[in-house]
Amino acid sequence: MNWFAWAAVSVVTTSVANLLQRVIMREKDSDAFGTAIIFQFAIAFLIGIFAIWNGFVLPPIGEYFWNFLAATLLWGLGSLSLFKANQMLESSEIAIISSLGIVITIVSSLLFLGESFNIAKTIGTVLILSSIFLVTEKKEKFSFKKGTMYALITTLFYGLAVTNDAFILRTYDAVSYTSVISFLPGVLLLTLRPRAIATFRRLRDMKFTKNMAFLTIFYSAQAVAYYLALHVGANASQLAPIYKSSIILTVLLAIVFLKEKERITLKLFSAALVTVGVLLIIR
């Protein structure tokens, strides 16, 4: 397969994974802490197998101790916030709000990695912020719901995590890193709330186990496909805009399969606005 095919696989699997998270967490007895722990360990296991097959490289934790600590905190707490957001918000809303993450990454890269910020990126940022306002606005009044707060926290943590990752991945294998930094946040969350292990009993529920298995497979597939697209010849500048089309695809799939039909026109317009904003930022 060429790089474009792998990129397309990554886009589709990302969008499906977004929907599956919502399906799992909209159940009344869902537990964000326990589900996030199961998710992190399951991802670490699957991607770990691929990393071993691909040639696992031991993490340079001694050299980058503070970066690995930051990554563990950011990805762990970000994952927890994302599962909490999925308890309260629709998949389409989260997908649009999460686009703010690229702005966080750009700003933190500007501050810590010395990258540049220009007029196009400024316009892109304004478009993304506008789309988030549109999708969270109801009846002429901005609705800052608890779910919106969790989605924004996720966006902040994930945006900073990507910048931190970029520093580590200058000298470390991407697939090996993905497996390690999936496992460590799981350990962190389990340490913060040991009683969350009780959620593991839900694995006896075949519906929950099936959905978690599919979520793990699709999420792992998107990460591996993204890596393979880069490995077989894609440039990051080519891959980024294609990958971000998952925002629109998530909105469309949520409308069709999750019946998220409230304010369809506004959601589609916001998704399109986000896409234009992202393209301006990464151009």
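According to full-length UniProt numbering, the sequence shown is numbered sequentially starting from 1.
Cβ atoms here follow ideal geometry from the backbone N, Cα and C, with glycine treated the same way.
Being a predicted model, the structure only gives us computed values, none of them experimental.
Within the same chain, Cβ atoms closer than 6 Å to the Cβ of residue 123 are found at 280, the five residues on either side in sequence being excluded. Using a Cβ distance threshold of 8 Å, residue 232 and residue 3 count as a contacting pair. Using a C-beta cut-off of 8 Å, the region 34 to 46 makes contact with the region 201 to 219, since at least three inter-stretch Cβ pairs fall below that distance. For residue 134 and residue 146, the gap between their C-alpha atoms comes out near 17 Å.
Taking C-beta atoms as the reference points, residue 255 and residue 275 fail to come closer than 8 Å. A Cβ-Cβ contact shorter than 8 Å links residue 33 with residue 80. Going by C-alpha positions, residue 172 is about 10 Å away from residue 165. With a beta-carbon spacing of about 6 Å, residue 245 and residue 11 fall inside the 8 Å limit used to define contacts.
DSSP, reduced to helix, strand and coil, places residue 61 outside both helices and strands of the structure shown, so it counts as coil.
In the DSSP assignment, residue 207 falls within the alpha helix (DSSP H) that extends over 206 to 231. Between residue 158 and residue 76, the C-beta gap is not smaller than 8 Å, which leaves the two residues out of contact.
Straight through space, the alpha carbons of residue 129 and residue 90 are spaced by roughly 18 Å.
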